[in-house]
Structures are given as structure tokens and as C-alpha cells.
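Asks:
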Amino acid sequence: MAQGKCCLVLVAACTTALAAPATVEIKGARYDQRRDDTASTVVLGRTQLASDGDRTLAEALQRLPGITVDVTGKGAEVRMRGLGNGYTQILLDGVAAPAGFSIDTLAPELVERVEIVRTASAELGTQSIAGTVNIVLRKSVAKAAGEYAAGTERVAGQDAPRVSAQWSGKAGALAWLAGLNATRTVLHEPQRQRERTNAGTRTTTFDFLNVADSVTLAPRLVWKPTEADSVTWQGFAGTTHRRITGTGQAQGLPGEFARQDSQFRARAPLLRSDLTWLHRTAVGAALELMAGISSSPRVTDYDFQGRTDADATPTSRHVQADIGDDVLLSKGRYGAPVDGSHTTVTGWDISRGKRSQTRIEQEHGPDGSLNFTLDQRYRARIDRTAMYLQDDWSNGPWSLSAGLRHETLTTTIGATRQRSRLWSPVLQGAWKMTPATSLRAGLSRTYRPPTMVDLIPRRYTADNNNSATNPDTEGNPGLRPETAWGVDAGVDRYLGGGGLLGASIYIRHIDDVILQQLFQDGPRWISRPFNGGRATMQGISLEAKLAVTPALTMRGNVTRNWSRAAAVPGPANRLERQLPVSGSLSVDYRAGTVTLGTNFGYQGSAFVRTSTARTSVTAPLRKLDAHATWQMDARRRLRVEAVNMLHRDSLAAQRYDAGADDWRDSATTTRTHRALRVTLEIRQ
Numbered sequence: 001m002a003q004g005k006c007c008l009v010l011v012a013a014c015t016t017a018l019a020a021p022a023t024v025e026i027k028g029a030r031y032d033q034r035r036d037d038t039a040s041t042v043v044l045g046r047t048q049l050a051s052d053g054d055r056t057l058a059e060a061l062q063r064l065p066g067i068t069v070d071v072t073g074k075g076a077e078v079r080m081r082g083l084g085n086g087y088t089q090i091l092l093d094g095v096a097a098p099a100g101f102s103i104d105t106l107a108p109e110l111v112e113r114v115e116i117v118r119t120a121s122a123e124l125g126t127q128s129i130a131g132t133v134n135i136v137l138r139k140s141v142a143k144a145a146g147e148y149a150a151g152t153e154r155v156a157g158q159d160a161p162r163v164s165a166q167w168s169g170k171a172g173a174l175a176w177l178a179g180l181n182a183t184r185t186v187l188h189e190p191q192r193q194r195e196r197t198n199a200g201t202r203t204t205t206f207d208f209l210n211v212a213d214s215v216t217l218a219p220r221l222v223w224k225p226t227e228a229d230s231v232t233w234q235g236f237a238g239t240t241h242r243r244i245t246g247t248g249q250a251q252g253l254p255g256e257f258a259r260q261d262s263q264f265r266a267r268a269p270l271l272r273s274d275l276t277w278l279h280r281t282a283v284g285a286a287l288e289l290m291a292g293i294s295s296s297p298r299v300t301d302y303d304f305q306g307r308t309d310a311d312a313t314p315t316s317r318h319v320q321a322d323i324g325d326d327v328l329l330s331k332g333r334y335g336a337p338v339d340g341s342h343t344t345v346t347g348w349d350i351s352r353g354k355r356s357q358t359r360i361e362q363e364h365g366p367d368g369s370l371n372f373t374l375d376q377r378y379r380a381r382i383d384r385t386a387m388y389l390q391d392d393w394s395n396g397p398w399s400l401s402a403g404l405r406h407e408t409l410t411t412t413i414g415a416t417r418q419r420s421r422l423w424s425p426v427l428q429g430a431w432k433m434t435p436a437t438s439l440r441a442g443l444s445r446t447y448r449p450p451t452m453v454d455l456i457p458r459r460y461t462a463d464n465n466n467s468a469t470n471p472d473t474e475g476n477p478g479l480r481p482e483t484a485w486g487v488d489a490g491v492d493r494y495l496g497g498g499g500l501l502g503a504s505i506y507i508r509h510i511d512d513v514i515l516q517q518l519f520q521d522g523p524r525w526i527s528r529p530f531n532g533g534r535a536t537m538q539g540i541s542l543e544a545k546l547a548v549t550p551a552l553t554m555r556g557n558v559t560r561n562w563s564r565a566a567a568v569p570g571p572a573n574r575l576e577r578q579l580p581v582s583g584s585l586s587v588d589y590r591a592g593t594v595t596l597g598t599n600f601g602y603q604g605s606a607f608v609r610t611s612t613a614r615t616s617v618t619a620p621l622r623k624l625d626a627h628a629t630w631q632m633d634a635r636r637r638l639r640v641e642a643v644n645m646l647h648r649d650s651l652a653a654q655r656y657d658a659g660a661d662d663w664r665d666s667a668t669t670t671r672t673h674r675a676l677r678v679t680l681e682i683r684q
């Protein structure tokens with residue numbers, strides 16, 4: 001709590017400092033979501049997305065305060081306040097993103113805006129201990145238009161092209177927009193892994209090449225039969241075909257295999273369809289009804305060959321895994337003004353998700369004989385029912401939002417059924433101290449349900465050298481959701497020329513935090529999640545946007561996070577994988593039709609104790625990008641980018657130490673690569 005009090009003092013000091021008179025340029029009464037909403041919200045709008053010109057939405061989000069994106073061979077994970085994996089709620093048009101969705105397959109051209117909501121919301125949902133990222137897809141426009149872009153990226157000797165297109169039009173009461181994006185992503189990851197025990201050292205060199213081809217289509221139709229009614233259909237379809245090939249060669253201490261070769265193939269289509277009816281009354285009330293369906297079947301094949309030496313006949317493993325995720329949902333809301341400054345909203349959110357999972361693994365020995373067959377099949381269902389009431393009130397410089405959400409979550413896996421009910425009050429207030437300075441605070445109760453991977457008792461086996469630092473993993477169907485009480489506070493100071501200074505803090509008290517339990521099942525080491533009691537987390541975020549001159553703009557932010565799990569002895573008993581420090585700095589300079597810019601991103605090192613005997617550490621990450629954009633004319637723009645100019649390797653290490661001679665550690669260094677991009681954009 002001492003750290004939390006320190007954060008409060010910092011924000012108070014920042015508020016006092018920002019209260020000094022300043023020249024502020026205020027124009028018109030245009031709605032500014034960040035400035036006018038009661039909730040603490042950071043908005044990345046269409047204009048900024050187009051100006052930044054990023055290849056994927058994952059890259060665009062990394063400039064926002066408190067946001068980091070962890071890009072791996074299986075996709076991209078968004079983290080708020082250093083935490084992802086269920087702590088951060090990801091929404092697509094206000095609805096939970098379907099399973100298998102990854103923001104590194106979504107082009108910024110398909111996005112209208114991104115809302116970073118730091119506090120909980122009775123309407124958007126309270127499955128957001130760290131916060132909410134709401135991705136709003138492009139809307140229809142008033143006239144026919146077309147936008148086209150084509151480019152390529154050169155990384156590690158591989159070409160990664162990308163093309164995108166947007167078409168929009170209107171005919172009478174019907175308007176439409178369709179966005180198409182096709183991308184190839186190449187990730188080359190040479191690795192060096194060092195494993196040590198009291199018996200000696202083993203060093204393994206790996207070489208992984210990950211190639212993913214993705215196509216995404218986002219069509220939208222809007223029909224307005226009357227001024228009071230509109231019917232909107234939003235579709236989203238995508239498919240990703242991923243291929244990962246890898247080789248490994250070990251030296252030193254003998255292990256299970258001295259040489260290994262692997263190939264992973266995945267086909268992941270994604271379909272989603274939403275239909276919404278909106279009716280507005282003459283007195284300002286609005287009724288909105290929505291029904292949706294999504295399906296994301298995934299098929300994966302994995303082949304592994306391990307040899308005791310380079311010339312030996314291999315031991316072969318083949319894994320066929322199929323996953324199906326289907327969701328039906330229904331949402332509704334009714335909002336009506338009580339008087340000129342008072343509005344109430346009530347609604348519901350109901351969904352049913354079904355997941356089927358099949359995994360068949362076979363191993364054949366060097367002589368071709370069948371060593372074993374593992375056939376695992378699971379079916380699971382998640383039913384969620386939520387109802388909420390929200391009351392928004394404003395009076396001059398003051399605004400208040402009070403909401404209450406009741407949510408019932410039922411998970412069924414085989415014969416195991418878990419049901420949890422949660423009342424989530426949400427209280428938020430904002431005070432415009434001056435026309436340019438706003439202070440916000442909020443209190444909320446949030447939760448984090450276990451993921452399907454955490455729940456299904458399917459075992460994922462380590463291919464080579466199972467150990468305390470390389471365990472098998474399996475789910476736990478008895479997991480309960482984490483619940484948390486939280487406080488958020490922040491202050492924003494708007495400057496002339498579109499400048500901004502901001503500071504925010506947060507505190508969370510978590511019950512039933514999900515931790516990892518390491519144990520032995522015969523000769524195999526297993527890691528399995530369990531509910532580990534209480535935890536706390538708190539942090540502070542600072543940001544600034546300055547127009548130094550009419551041609552020079554600077555944006556920067558830094559976030560510091562702390563956490564502690566009570567069930568794990570200290571020191572460093574943080575929540576696993578939480579980033580303690582992150583930040584970014586961007587500089588853009590415009591000279592006529594040419595814009596030059598650079599962006600530096602930083603993620604601090606993290607040392608974490610996950611149990612009495614197990615610790616992990618990650619080295620700091622630094623990334624520097626630069627770009628030059630030439631506005632050739634009103635319709636054409638050419639952009640050249642140099643990516644990852646620092647070319648810094650990443651390092652992750654783990655150690656298990658049970659005392660005496662029972663210890664081992666492993667450290668993995670992964671090389672990164674510079675990349676060169678060229679993109680041409682055309683507007684009609």
C-alpha cells in the first residue's frame with residue numbers, strides 16, 4: 001500500500017502543477033470522447049491510425065500509454081498495465097472477440113477507432129481487471145470512395161507482401177463498406193538455449209521460421225428505412241494459414257535427443273456475423289437489439305523427429321489437433337433521458353459458447369514400432385448471462401456514472417460443472433476543474449474467468465527433455481474466476497496545438513488469483529493452474545503529447561507496475577509475466593509534403609518468483625523504428641520504414657532450486673532481425 005500512496009501523491013502533485021494558467025485553444029463543440037466521457041478512456045482515432053501508417057493494428061497499439069503487445073509465433077497478445085491473458089478484455093465492436101482472433105492479422109485500414117478503457121463499465125462488461133480494449137471497425141461513409149494500399153517487407157532474406165482495399169458507397173436508404181486485407185508475416189527466430197544442472201551443461205541451437213498468410217474481410221451494410229430506424233449487418237471473416245519449421249542441435253550433457261526437427265501447420269478460419277436494429281424515439285430514447293454468431297474451427301498438424309545422434313534413425317511423433325469454438329449471443333440496451341442532464345441505460349448480454357477439442361498423438365520408435373497412442377477428446381460449454389443498469393448524470397463541470405452489473409458464468413467440462421455469480425458495482429466521476437483540465441476517479445469490481453486452455457484437463461507434452469524448467473502443461477476444470485476490487489484515478493491537461501499531459505494510477509485487490517503449480521507425475525514434470533488466494537497490483541502511467549513547433553510533434557509515455565501474490569514467498573513474488581516498466585517515445589517532423597518520424601519502445605526486465613523453488617527472468621527489450629512518408633499528391637502516398645533498427649536479442653531464463661543438488665536452470669536467447677518496408681497508398 002506504500003507504493004499505492006506514493007502513486008496518489010504523484011497524481012496530486014501533477015494535478016497541482018497542471019492547474020497553472022495556460023493558453024488553451026478551444027474550438028467549437030465537437031465531441032471528444034476522451035475529453036467529454038466520464039470514464040477514463042484513451043482513444044486512437046481514424047486520423048491518427050492513417051497518419052501512423054502501421055502495417056498491423058498490433059504495431060499501432062504499442063504507442064499508447066500502458067499498452068504493450070507480445071508478438072509470438074502463435075499470434076499477438078495485448079497487455080494493459082503489464083498483464084494480458086484474460087486480465088485485459090478485448091472487444092470487437094463492443095462484443096468479446098471470438099476465439100482465435102489476433103490483432104496482428106487486422107489492418108489499421110479496417111478500424112474506425114480503438115478505445116482503451118482503463119476502468120470497468122457496466123455496459124461493456126467487467127471482465128477487465130487490467131482494462132478493456134474495444135476495437136471499433138470502420139463505418140459506412142456518406143459517398144462512394146475507394147482506398148488501396150500495397151507494400152512489402154524484407155526480413156531475414158524473406159519477402160512479406162501486404163495488400164489492402166476499402167470500398168464504400170450509398171444508394172438511397174442503403175449504405176455499405178467493405179474492407180479487405182491480405183498479409184504475409186515472416187518471423188525468423190534463431191535461438192540458443194543453455195541448460196545447466198549439477199551434472200553438467202547442455203547447449204542447444206534452434207532455428208525456427210514462422211510464415212503466416214492471413215486474409216481478412218470486413219463487410220458492413222446499413223439500411224435506414226426511416227429516420228428513426230436503422231438495421232446494420234456487420235460481418236467479419238478471416239483465415240490464417242501458419243507454417244513453423246524448426247531444427248535443433250544439442251551439445252554437451254546428454255539429453256533425450258541430440259538432434260530434432262519439427263514442422264507445425266495450422267489452418268484457422270474465423271467467421272462472425274452480427275445483426276443490429278436501432279430505434280430512436282422523438283424524446284431521445286433509443287432501443288438497440290443485437291444478435292450474433294461466430295465460429296472459429298482450427299486444425300493443426302505437428303510432426304517431430306528426434307535423433308540420439310545426427311546419423312541415427314529418428315523417433316517420430318505426429319499430433320493431429322482439432323479445435324472448434326462456436327458462440328451464439330444476444331445483446332440489448334434501452335437508454336432514455338430522464339431530464340436534460342440525466343440518462344439511464346439498462347440492458348442484457350447473453351451468450352452460449354461450445355468448444356470441442358480433439359488431440360491424437362502417436363509416437364513411433366526408430367524401428368517403426370508404435371510406442372504409444374494418446375487420444376484425448378473434450379467438449380466444453382460456457383454460458384454467460386448478464387444484466388446491467390447504468391445511470392449517467394451531469395451538472396456543469398461535474399459528471400457521475402453509477403452502474404450495477406450482475407453476471408452468471410457457468411462452465412461445463414465433462415462431468416465437472418462450475419457456476420459463479422458476481423455483482424459488479426461501478427462508480428465513476430469526472431470534474432472539469434477548468435476547460436482544459438479534467439480529474440477522474442472510479443471504483444469497480446471486476447473479474448477474470450479461466451480460459452478454456454486453463455480449464456480443459458488436456459496435457460501438452462514437452463517434446464524434448466521434460467524437466468522442472470520445461471514441464472508439460474495441463475488444465476484444471478476446478479478453477480474459479482479471479483475477482484477484484486479496484487480504484488482508478490487520473491488527470492488530463494489539454495494544451496494548445498492539440499497537446500496533452502496526463503497521469504493516472506490504479507490499485508487492484510484480487511481474490512482467487514490463478515497461479516501455476518509445479519509437481520511430478522511419475523517421471524514427468526507438470527505445470528497446472530490453481531487458485532492461489534489473494535494478490536495486489538498497482539501502478540502509475542504518465543503521458544505527454546507536445547506540438548513543439550507547427551512542424552514538430554512529440555508523443556511519449558511511461559508506465560510502472562507493481563504486484564504481489566500472497567501465496568508465494570518473496571521477494572519478487574509478482575504476478576507471472578507482468579511487465580514492471582514499459583514506455584515509448586515518438587517524434588514526427590513535417591517538411592512540406594514529406595514527414596519524417598521515429599518511434600522508440602521499451603519494456604523493462606522482470607524477475608519473478610512463481611513458487612518457493614522456481615524463478616524466471618526476462619531481459620529488457622528496446623526497439624527503434626524510423627519512417628519517411630511522401631504525400632505525392634492528394635490521392636497518393638509513399639511510405640518507407642526501417643523496423644527494429646537496434647536489432648537487440650531477447651533473453652528469457654528460468655531456474656528451479658529445491659536445495660542441495662536438486663537444481664537446474666535454462667536460458668534462451670532469441671535473435672531478432674531488421675526489416676525494410678515500402679508501402680504505396682492510393683485514394684479515390
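Here the sequence shown is numbered in full-length UniProt numbering, starting from 1 and rising by one per residue.
Every residue gets a Cβ at the ideal spot worked out from N, C-alpha and C, and that includes glycine.
(1) Asp-325 and Pro-98 look like a contact to me (Cβ under 8 Å); what is the Cβ gap, rounded to whole Å?
(2) Measure the alpha-carbon distance for Gln-33 versus Thr-41 and round it to whole angstroms.
(3) Could you please give the first and the last residue of the uninterrupted alpha helix (DSSP H) stretch that includes Glu-227?
(4) Using the Cβ count rule (16 or more neighbours within 10 Å means buried), how would you classify Asn-465?
(5) Check this for me: beta carbons of Val-345 and Glu-123, under 9 Å apart or not?
(6) On the DSSP bridge assignment, give the partners of His-509 in chain order.
(7) So, with DSSP's three-state summary, where would you put Arg-637?
(8) Taking buried to mean at least 16 other C-beta atoms within 10 Å of its own C-beta, is Thr-23 buried or exposed?
(9) Rounded to whole angstroms, what's the CA-CA distance from Arg-459 to Ile-360? Just pull it up for me.
(10) Expressed to the nearest angstrom, what Euclidean distance is found between the alpha-carbon atoms of Leu-596 and Val-548?
(11) Quick one: what's Tyr-602 bridged to in DSSP?
(12) Would you call Ala-484 buried or exposed, if buried means 16 or more other Cβ atoms sit within 10 Å of its Cβ?
(13) Count the C-beta pairs between the region 603–615 and the region 651–667 that are closer than 8 Å, then say yes if the count reaches three, no if not.
(14) Measure from the alpha carbon of Thr-197 to the alpha carbon of each residue in Leu-676, Ala-675, Gln-684 and Gly-659, then state which is nearest.
(15) Am I right that Ile-514 and Glu-482 are in contact with their C-beta atoms under 8 Å? What's the rounded C-beta distance?
(16) Work out the CA separation of Thr-203 and Ala-258 for me, nearest whole Å.
(17) Pull up the distance between the alpha-carbon of Thr-598 and that of Arg-352, whole angstroms please.
(18) Would Arg-162 pass as a contact of Ala-212 if the rule is Cβ separation under 9 Å?
(19) Compute the Euclidean distance between the alpha carbons of Leu-439 and Gly-502, then round it to the nearest angstrom.
(20) Using C-beta distances below 6 Å, list every residue in its chain close to Gly-604, excluding the 5 sequence neighbours before and after it, in chain order.
(21) The beta strand (DSSP E) spanning Ser-295 covers which residue range?
(22) Val-558 to Ala-310, Cα distance in whole Å?
(23) If I measure Cβ to Cβ from Gly-45 and keep anything under 6 Å in the same chain, skipping five residues before and after, which residues do I get?
(24) Give the secondary structure of residue 685 by DSSP, where H, G and I count as helix, E and B as strand, and everything else as coil.
(25) Using only CA atoms, which one of Val-71, Met-80 and Leu-427 lies nearest to residue 698?
(26) Report all residues from its chain with a CB closer than 7 Å to the CB of Ala-60; omit the five preceding and five following residues, and keep chain order.
(27) Within a Cβ cutoff of 8 Å, which residues of the same chain sit near His-406, ignoring the five residues on either side of it in sequence?
(28) On the premise that Arg-377 lies in contact with Lys-354, defined as a C-beta separation below 8 Å, what is that separation, rounded to the nearest angstrom?
(29) With a threshold of 16 other CB atoms inside 10 Å of the CB of Ile-26, please say whether the residue is buried or exposed.
(30) Taking C-beta to C-beta, are Arg-636 and Arg-683 nearer than 9 Å?
(31) Grab me the residues of Thr-205's own chain with a C-beta within less than 6 Å of its C-beta, minus the 5 sequence neighbours each way, in chain order.
(32) So who's on the other strand from Leu-271, going by DSSP bridges?
(33) Could you give the residue range of the alpha helix (DSSP H) that holds Arg-34?
(34) If you draw a straight line from the C-alpha of Leu-676 to the C-alpha of Ala-642, how long is it?
(35) Could you check the C-alpha separation between Glu-115 and Pro-65 for me, to the nearest Å?
(36) Which ranges does the alpha helix (DSSP H) cover as unbroken runs of at least 4 residues, wholly within the region 340–398, from first to last along the chain?
Replies: Checking against the coordinates, here is how it stands:
(1) Distance from Asp-325 to Pro-98 at the Cβ level is roughly 7 Å; contact confirmed, criterion being Cβ atoms closer than 8 Å.
(2) Rounded to whole angstroms, the separation of the alpha carbons of Thr-41 and Gln-33 is 7 Å.
(3) Where Glu-227 is concerned, there is no enclosing alpha helix (DSSP H), given that its DSSP letter is neither H nor E.
(4) The Cβ neighbour count for Asn-465, taken over all protein chains shown within 10 Å, is at least 16; the residue is labelled buried.
(5) With contacts defined by Cβ atoms closer than 9 Å, Val-345 and Glu-123 form a contacting pair.
(6) Under DSSP, His-509 forms a beta bridge with Trp-485 and Thr-536.
(7) Three-state DSSP puts Arg-637 in a strand.
(8) Below a pLDDT of 50, predicted positions are generally treated as unreliable, and Thr-23, at 43, falls in that range; the measurement from the model is reported next regardless. Of the other Cβ atoms in all chains shown, fewer than 16 fall within 10 Å of the Cβ of Thr-23; this residue is therefore exposed.
(9) C-alpha separation (whole angstroms): 11 Å.
(10) Each residue's Cα considered, the two are about 15 Å apart.
(11) Tyr-602 is bridged to Gly-583 and Arg-622.
(12) The residue is buried, with at least 16 neighbouring Cβ atoms inside 10 Å.
(13) A contact exists between the region 603–615 and the region 651–667.
(14) Distances from the alpha-carbon of Thr-197 to those of Leu-676, Ala-675, Gln-684 and Gly-659 put Gly-659 closest.
(15) Contact between Ile-514 and Glu-482 holds, with the beta-carbon distance rounding to 6 Å and staying under 8 Å.
(16) Within the model, the alpha-carbon separation for Ala-258 versus Thr-203 is close to 10 Å.
(17) Distance between the alpha carbons of Thr-598 and Arg-352 is about 45 Å.
(18) It is not a contact, given that the beta carbons lie outside the stated cut-off.
(19) Distance between the alpha carbons of Leu-439 and Gly-502: 10 Å.
(20) Leaving aside the five residues that flank Gly-604 on each side, the residues in its chain whose CB is nearer than 6 Å to its CB run, in chain order, Pro-580, Val-581 and Pro-620.
(21) From DSSP, the beta strand (DSSP E) with Ser-295 extends over 286–295.
(22) Cα-Cα distance, rounded: 49 Å.
(23) The beta carbon of Gly-45 sits closer than 6 Å to those of Arg-113, all from its chain and outside the five residues before and after it, given in chain order.
(24) Lying before the first or after the last residue shown, residue 685 is absent from the chain, which here runs from 1 to 684.
(25) The structure shown does not extend to residue 698, since the chain spans only 1 to 684, so no value can be given for it.
(26) Excluding five sequence positions before and after Ala-60, the CB atoms of its chain that fall closer than 7 Å to its own CB belong to Leu-44, Leu-49, Asp-52, Asp-54 and Pro-108, given in chain order.
(27) Within its own chain, the residues whose Cβ lies closer than 8 Å to the Cβ of His-406, once the five positions on either side in sequence are excluded, are Ala-386, Met-387, Tyr-388, Arg-421, Leu-422, Trp-423 and Ser-424, listed in chain order.
(28) Not quite, the Cβ-Cβ distance comes to about 14 Å (not below 8 Å), so this is no contact.
(29) Since pLDDT at Ile-26 reaches only 42, below the 50 mark, its modelled position is unreliable, and the value read off the structure follows with that caveat. Under this definition Ile-26 is an exposed residue.
(30) Yes.
(31) Once the five neighbours on either side are set aside, the close Cβ partners of Thr-205 are Arg-192 and Gln-249.
(32) As a beta-bridge residue in DSSP terms, Leu-271 pairs with Ala-237 and Ser-295.
(33) First-last of the alpha helix (DSSP H) with Arg-34: 33–36.
(34) So the alpha carbons of these two residues sit roughly 5 Å apart.
(35) Cα to Cα, Glu-115 sits roughly 12 Å from Pro-65.
(36) The region 340–398 contains no whole alpha helix (DSSP H) run of 4 or more residues.
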